[in-house]
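To start, the structure itself, in structure tokens.
Residue numbers (the working numbering), protein chains in the order written: chain A, 9 to 556; chain B, 4 to 333.
Take a look at the structure:
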């Protein structure tokens, strides 16, 4: 008997229906994955079913929890089930943890919200939970604040709060999306272990079929508020019935890095191309925490590499590896402590005081695309004025000419012309990132530094943006330094790849070589952590083969 | 932390020095000759000159500033030098007593007035702000907001007089003498009488501030209530009242504390109208009276006192913010 089942669930905000009759069920000890793009209604369905949507939302249908109808229960009755019987894990553990409460307080609260527990016992249980989710030295960390933890550790804290009362059901909403690939793998392992230890049912929401492939028993594919396909995981991966499921599968890289990277069509950069950017022996360090007495923390050590004309170079590594610092140095937003950086054999960045004052010509030659298109576009300006700005600053064109150039740009990044009069908030994530790309290519730079440009996007949107970047490279003949923690994306786009670990280059070479025959243990570890491996290794089971 | 505190103290001291110099020059510009104001109405020119000479008003400005900072006018038997507390801010022209003594004697009144008012307005603003945010758009929210706007737009001289009229005069007509209309009893003498005498001025000051602060709490709460961690609290099954009064309020208080510190400093610098209406002999009245009388040293002294209040309140806000959010240091 399912512990949690939803039948014909409909959610509307005012007159806008966002979920149109969704049904699913999950049984104890099993995992249901709900997969779809952002805006497909997957999170809204679960939040609506558990009473976590704001009161403006209207939720209809039927939601059974342990056999009781919970839709329409009073707020108090719902509250008693949330936390105690249903644990929640959300996507971004930084914004989902209270910044002014210690992690100990936040975990303890999951217990005290439902049970009366003595102080000593409460403390014991919090420490046990922290140890259980793999926080090293819980006694020392229990009074720390979320900001003092890394992303993966924060997510472990969220999990500790979710399992504090050993709920029969855990709802995990994109729990690994913001995390590095190796951290993601360890969080998935943790969730799997908890599920096995306690026989918990789990609903796992994700936009990436690869991520859920190792953990899901059943998969529900959603799109635009409808269920597209619902089947046991094996069937979804081996024999998807719907075209949309196949599209999602195509965008997901089910551990299949190498095959893609090896495609010869993806290696157009000729070795004879001259060097465009040359980074030689740069080092950068930052002052450490004041508590450590002004220790110097080296972030980059002896980094040297080149980017040739019309080449896409990938820079991969986990968070904290220093890859964004390299991007900042190349973009001229910071200075190195040692070494130098040159563009077409002209050194423009070397050690010195103050920020880098690179001249206007160079500034328009090197452009940047940032990760978060939500944060990197001014919310109060229309797209037209955002895109006109580079021309106003970098050229002497008159208003009419700028207008024409802006309209050309929008066409180049394959956006409809009517976005020009909208504000960033009225655009989807993918559209916003296209605007950011348009802004970057406006002054026809020779090099673009793209710092995690697709990490905040859905997997299907990622694929489209990557295609766009490839087109732009071909048409405009520019070079791209593509910074990412996602090896899948890098393998699809880049000609060469540089692997960075803790501020040191551990491996570099042609993409096909590095991912096909990695030499450094760290590269191997990164590749091993890519989700979806299990599917590759296992042969197709007979019953599935018969079904197909 | 030590470097941070050091920097803070350095900035505070330089602020005070700048305020002092500016205040000094303003008094020189504002009054032609204080000796005329200080002298009796029909005093002869010689008498006025004698006064000017005694007060060193004929000396060049830099010597005047030096005397002000270092010794004050020559008064028989008075200790001199910056090391001799208290005459570092000079002597009152009119009362012939050290300015510091004069101000310090008024501080208990002003401090009592300010601290009591701040407690009342903060408590009420937070309460009303949270209720309004919780019932956003309801008639209760609109009622509270209406009250806030009234409180914002009624000037203190009007609300003070109305409060005095109803809670003192009208009540006393019925033989009820709960709240005296004026006077001050030191806290150390009789805490009950202290509070009873200050009740009406507290109310007057609080009423003027509740308007801003209630709206600030409400706006800040509404913003915080949209945060992900509020949803997390609900997902953990935290009771609604704790979601509002613990989780949301805790985070929403940041701007309230910052503005609260500044407003407290303003009142410390002199709640002139309130002090006048309720006959409280505080720093505000000292400042206004000395300005009217042309008593430069006291004018400068009260200005410095206001600046010191600002510095101390900013300091306190800084400490509270750091205590609330220890993770922000690293």
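Glycine residues also receive a C-beta, built at the ideal position from the N, C-alpha and C atoms.
All values reported here derive from a predicted model rather than from experimental measurement.
Using a Cβ-Cβ distance cut-off of 8 Å, determine whether residue i contacts chain A.
{"i": "residue 198/B", "result": "no"}
{"i": "residue 240/B", "result": "yes"}
{"i": "residue 324/B", "result": "no"}
{"i": "residue 192/B", "result": "no"}
{"i": "residue 222/B", "result": "no"}
{"i": "residue 253/B", "result": "yes"}
{"i": "residue 230/B", "result": "yes"}
{"i": "residue 226/B", "result": "no"}
{"i": "residue 250/B", "result": "yes"}
Inspect the beta-carbon positions of residue i and residue j and report whether they are closer than 8 Å.
{"i": "residue 313/A", "j": "residue 513/A", "result": "yes"}
{"i": "residue 17/A", "j": "residue 27/A", "result": "yes"}
{"i": "residue 38/B", "j": "residue 58/B", "result": "yes"}
{"i": "residue 54/A", "j": "residue 181/A", "result": "yes"}
{"i": "residue 213/A", "j": "residue 51/A", "result": "yes"}
{"i": "residue 291/B", "j": "residue 27/B", "result": "no"}
{"i": "residue 431/A", "j": "residue 482/A", "result": "no"}
{"i": "residue 32/A", "j": "residue 238/A", "result": "yes"}
{"i": "residue 330/A", "j": "residue 307/A", "result": "yes"}
{"i": "residue 251/B", "j": "residue 215/B", "result": "no"}
{"i": "residue 491/A", "j": "residue 458/A", "result": "yes"}
Quick one, which of the options has its alpha-carbon nearest residue i's?
{"i": "residue 24/A", "options": "61/A, 65/A, 50/A", "result": "65/A"}
{"i": "residue 163/B", "options": "282/B, 20/B, 253/B", "result": "282/B"}
{"i": "residue 223/A", "options": "195/A, 248/A, 234/A", "result": "195/A"}
{"i": "residue 338/A", "options": "328/A, 425/A, 55/A, 372/A", "result": "372/A"}
{"i": "residue 278/B", "options": "255/B, 203/B, 229/B", "result": "203/B"}
{"i": "residue 154/B", "options": "217/B, 130/B, 235/B", "result": "217/B"}
{"i": "residue 114/B", "options": "187/B, 257/B, 243/B", "result": "187/B"}
{"i": "residue 99/B", "options": "31/B, 122/B, 301/B", "result": "301/B"}
Just verifying my parser: in three-state terms, what is the DSSP assignment at residue i?
{"i": "residue 217/B", "result": "helix"}
{"i": "residue 16/A", "result": "strand"}
{"i": "residue 77/A", "result": "strand"}
{"i": "residue 340/A", "result": "coil"}
{"i": "residue 56/B", "result": "helix"}
{"i": "residue 523/A", "result": "helix"}
{"i": "residue 272/B", "result": "coil"}
{"i": "residue 122/A", "result": "coil"}
{"i": "residue 179/B", "result": "coil"}
{"i": "residue 145/A", "result": "coil"}
{"i": "residue 493/A", "result": "coil"}
{"i": "residue 210/A", "result": "strand"}
{"i": "residue 110/A", "result": "coil"}
{"i": "residue 294/B", "result": "helix"}
{"i": "residue 318/B", "result": "helix"}
{"i": "residue 572/A", "result": "The structure shown does not extend to residue 572/A, since chain A is modelled only from 9 to 556, so the question has no answer here."}
{"i": "residue 275/A", "result": "Its pLDDT being 48, under 50, residue 275/A is placed unreliably in this model, and the value from its coordinates should be taken loosely. In this structure, residue 275/A counts as coil in the three-state DSSP scheme."}
{"i": "residue 310/A", "result": "strand"}
{"i": "residue 375/A", "result": "strand"}
{"i": "residue 28/A", "result": "strand"}
{"i": "residue 345/A", "result": "coil"}
Is residue i close to chain B, meaning its C-beta is less than 8 Å from at least one C-beta of that chain?
{"i": "residue 212/A", "result": "no"}
{"i": "residue 98/A", "result": "yes"}
{"i": "residue 425/A", "result": "no"}
{"i": "residue 382/A", "result": "no"}
{"i": "residue 83/A", "result": "yes"}
{"i": "residue 180/A", "result": "no"}
{"i": "residue 245/A", "result": "no"}
{"i": "residue 430/A", "result": "no"}
{"i": "residue 292/A", "result": "no"}
{"i": "residue 65/A", "result": "no"}
{"i": "residue 422/A", "result": "no"}
{"i": "residue 169/A", "result": "yes"}
Please list, in chain order, the chain B residues whose beta carbon lies closer than 9 Å to that of residue i.
{"i": "residue 252/A", "result": "Near residue 252/A there are no residues of chain B at all, since even the closest Cβ is about 29 Å away, more than 9 Å."}
Determine, for residue i, whether the minimum Cβ-Cβ distance to residues of chain C falls below 8 Å.
{"i": "residue 330/B", "result": "The structure shown contains no chain C; the protein chains it does contain are A and B."}
For residue i, go through chain B and note every residue whose CB falls closer than 8 Å to its CB, in chain order.
{"i": "residue 122/A", "result": "240"}
{"i": "residue 91/A", "result": "238, 239, 240, 241"}
Starting from the beta carbon of residue i, find every residue of chain A whose beta carbon is closer than 7 Å, and list them in chain order.
{"i": "residue 419/B", "result": "A query on residue 419/B cannot be resolved here, the shown segment of chain B reaching from 4 to 333 and no further."}
At 7 Å on the CB atoms, spell out the chain B contacts of residue i, in chain order.
{"i": "residue 104/A", "result": "231, 232, 235"}
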